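Read through the structure below, which is laid out as structure tokens, and then see the notes.
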Amino acid sequence: MHSLRMFRALTLFVLAISLLVVTTPARAQSQSRSVAVPRRDADITILKNGNARFVETWQVQFSGTPGFTFALRAVGLQNVAAVTDFSVSENNQAYRPTTSNDPNTFFTYQENNQQFVKWFFPTTVNQSRTFTVSYTMQGVVRQYNDGDQFWPEVIEGKKGYDISSITATIHLPSTFSPDQIKAVASLSRAQISIPNGNTILATIKSLAANETLEVRAQFPHGAITAPPPPWQAEADRLVSDRAQRENDAQVFNLFFLFLGVVILITGPLSLYVLWYVKGRDPSVVAVASTNKPPSDLPPGVVGTLIDESADLKDILATLVDLARRGILKMTEKKDSTGELDFAFEKIGDDFKLRPYERTVLKNIFGTLNAVDLSELKEKFYTAIGEIKNQMYADVTKMGFYYGNPQSTRRFYAGLGFAALMLAILFGCVFFELLSDFVDVAPFAMCMPIGFFFAAIGLIILSPFMPRRTPKGASERAKWAAFKRYLESIEKFTKLDQAKELFDEYLPYAITFGLEKSFVQKFAQVGTPAPAWYQYDTGYYPPGGYYGGGYRSNDRGMAAMDRESGTGGGTNRAGEMPSLDRAASGMFRGLDSMTTGFFSMLNTTASTLVSTPAPSNSGFSGGGGSGFSSGGSSGGSSGGGGSSGFG
């Protein structure tokens, strides 16, 4: 039984290898099919009735498997009355017109404004074939008093193959003096010659797959007996209209270029004037650095006043300020997984707080008196907008701004976006109205483009539009001076003799973005930790070592009984703290709690703005030059053709 299974497995393996060996070369060969056209000639006879008979000779080399079975040629129906009388032959053997798709047959059809002929031949592998394709283009000679014109597309541009050599022979409807015949090719490297009074020759070596060869011939009027083709009048009108547009283009270009430049210059200038009148703060006398807060403004208001923006650092500064003022305290702790967390406990009244301060407390504690920071994750963010709005309302109510800074920004940003939409709409309408001129006068779009950039400029300007009142500008200058003082506080104050300033100035350092350097400077001189912050080695009650109730914990470190009151000079037992216990608290200063404190600030910042993750929906030239005035740019006859093999 085991031997039978082994035999079957080996048989399947051999069959798989054999199949792979057999199919791989075939697959490789099928991917290497190619067509080369060493030569393709066109013999064109212009008839006296205004038609032209085309006889094309195709010399084709087919390579690769599984071989080729058909070819097609498409003649564009532009500037031609009709394309008729198709025939296909090979080695003087005519193909039969039928839709059977059998070898040695052909059929014709129209599609996409093109007349197609498709012919079939026996499967051809690594072999050459020579085809002759003939057809008549009716009504292709433009007739003008100063010369008739014949302008065919000899070789189409959509071929999918290169041609090594081309000769196009054009037989004129009568014999003329050679100096009366003019001819030019669309490609400058093509060679044009006029060997006699009724023949034009065009030759070119190597024509790329995407290149088109057109030959334009002109001969004396009168040889064509038929009336002008029906499409000529419309084509001439289009040519005349385009010539008129090109004549007007210079004026249009200069006019719209001038308007565009004016808008591009006056737009920024107007925006500057707008800011100067509506957004620039009043000038105030510069204020030297000051070593104390200029007023009793809370840090949240100061931050909004300084940079015109109520942001997260202002909320963090407010939180620390509330702790400094005895409204809450903060405690480092470990959660159930051993990760660092922070507990906030409400210990003071909020009757005299500002609206935004109450909102901060309400959204931290709710109806509770204690909460862990981790519990605020993905919850507090809903209140940030309200807090910011209340901060903006506060600075506006206090007379620091002429209008709510956020509302002012939104007004001008909305105005800019509205102007942007109007500029885009205006550009679309303008483009549609002047669509006939845009191609010859591209500078016509300078005007809507100028409006577009002016609107963009207004959007960019909007953050700078909140304007302070003289009172607000003066107050800002004072607080900016205090900020400069905090930046270099060690130069103006002996920190080791002014440690009490740390707790008072910390919220302002946070709102100014100076908290890191500020804390480090005070830590270097042994400043004690703030009274409202308990970390992993102990807790400092309100008053810190400056005064307050202490007791010894089981580690021999001074700590406040978390159940005790915040005032008085005795502990729970009513005892006065000993000097050695108070001294013990002094040595547990900022240097011990810096890491945890900054971790608290960073964690609080990320927690307050955290939002719930989005739910997953579960969806997962020879001869002369210079042609008669007619048809100078109307396009060739039969243009837009194509060809290919399969």
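Residue numbers for the sequence shown follow our numbering, so the first one is 25 and each next one is one higher.
Just so you know, even glycine gets a beta-carbon here, dropped at the ideal spot from N, CA and C.
All values reported here derive from a predicted model rather than from experimental measurement.
Handout entry: Residue-level contact to chain D via CB, K142, 8 Å cutoff
Key = The structure shown has no chain D; it contains just one protein chain.
Handout entry: CA nearest to the CA of A76, picked from K229, A250, G88
Key = A250
Handout entry: Limits of the unbroken alpha helix (DSSP H) element including S124
Key = Run containing S124: none; DSSP gives neither H nor E here.
Handout entry: Alpha-carbon to alpha-carbon, A66 and S158
Key = A direct Cα-Cα distance of roughly 10 Å separates S158 from A66.
Practice task
Under 8 Å by Cβ, that's how I've got F467 and G284 pegged, so tell me the actual separation to the nearest angstrom.
Solution key: Taking a contact as a CB-CB distance under 8 Å, the pair F467 and G284 counts as one, their CB atoms being some 7 Å apart.
Handout entry: Limits of the beta strand (DSSP E) - the one that M681 falls within
Key = Residue 681 is absent from the structure shown; the chain starts at 25 and stops at 670.
Problem - Distance between F526 and R508 (C-alpha atoms, nearest Å) - result: 16 Å
Exercise for the section: Report the rounded CA-to-CA distance for F144 versus K182, giving the unit in angstroms. Expected result: Cα to Cα, the separation comes out at about 20 Å.
Problem - Through-space distance from I339 to L397, alpha-carbon basis - result: 15 Å
Problem - Range of the contiguous beta strand (DSSP E) that encloses S667 - result: Looking at the DSSP string, the run of the beta strand (DSSP E) that includes S667 is 666-669.
Handout entry: D365 (DSSP reduced to helix, strand or coil)
Key = Here D365 carries a strand assignment [DSSP, helix/strand/coil].
Practice task
Have a look at N220 and F174 and give me their C-alpha separation to the nearest angstrom.
Solution key: 17 Å
Exercise for the section: Just the C-alpha distance for L485 and A334, rounded to the nearest angstrom, thanks. Expected result: 18 Å
Exercise for the section: Could you please give the first and the last residue of the uninterrupted beta strand (DSSP E) stretch that includes I675? Expected result: As shown, the chain starts at 25 and ends at 670. That puts residue 675 outside it, with no answer to give.
Handout entry: Neighbourhood of A312 by C-beta, 8 Å cutoff - its chain only, sequence neighbours within 5 removed
Key = A505
Handout entry: Proximity to F678 [Cα-Cα], best of G362, K316, G481, F669
Key = Because the chain in this structure spans residues 25 to 670, residue 678 falls outside the shown range and cannot be described.
Problem - Cα-Cα separation between W299 and K421, rounded to whole angstroms - result: 23 Å
Handout entry: Nearest residue (CA-CA) to Q672, options T147, Q139, T635
Key = With the chain represented from 25 up to 670, any question about residue 672 goes unanswered, as that position is not in the structure.
Exercise for the section: Note down the Cα distance separating F389 from F435, rounded to an integer number of angstroms. Expected result: 35 Å
Problem - Residues of its chain near I224, where Cβ-Cβ distance is below 6 Å and the 5 sequence neighbours each way are ignored - result: I194, A207, I218, A241
Exercise for the section: For P429, I'd like the list of residues in its chain whose CB is within less than 6 Å of its CB, leaving aside the five on either flank, ordered along the chain. Expected result: E332, Y416, P490
Problem - I287 versus S264 - alpha carbon distance - result: 34 Å
Practice task
Measure the alpha-carbon distance for N150 versus N125 and round it to whole angstroms.
Solution key: 22 Å
Handout entry: Endpoints, the beta strand (DSSP E) within which D150 is located
Key = The identity of residue 150 in the sequence shown is Asn, whereas the question assumes Asp. Per DSSP, N150 lies in no beta strand (DSSP E) and is assigned neither H nor E.
Problem - Close beta carbons around D520, own chain, < 8 Å, minus the five adjacent residues each side - result: V549, G550
Problem - Contacting residues, own chain, Cβ-Cβ under 6 Å from S87 (five flanking each side not counted) - result: S58, N150
Problem - As assigned by DSSP and simplified to three states, the class of D65 - result: strand
Practice task
Tell me, to the nearest whole angstrom, how far the beta carbon of L237 is from that of I205; I am working on the premise that it is less than 8 Å.
Solution key: Not confirmed; about 19 Å, so no contact.
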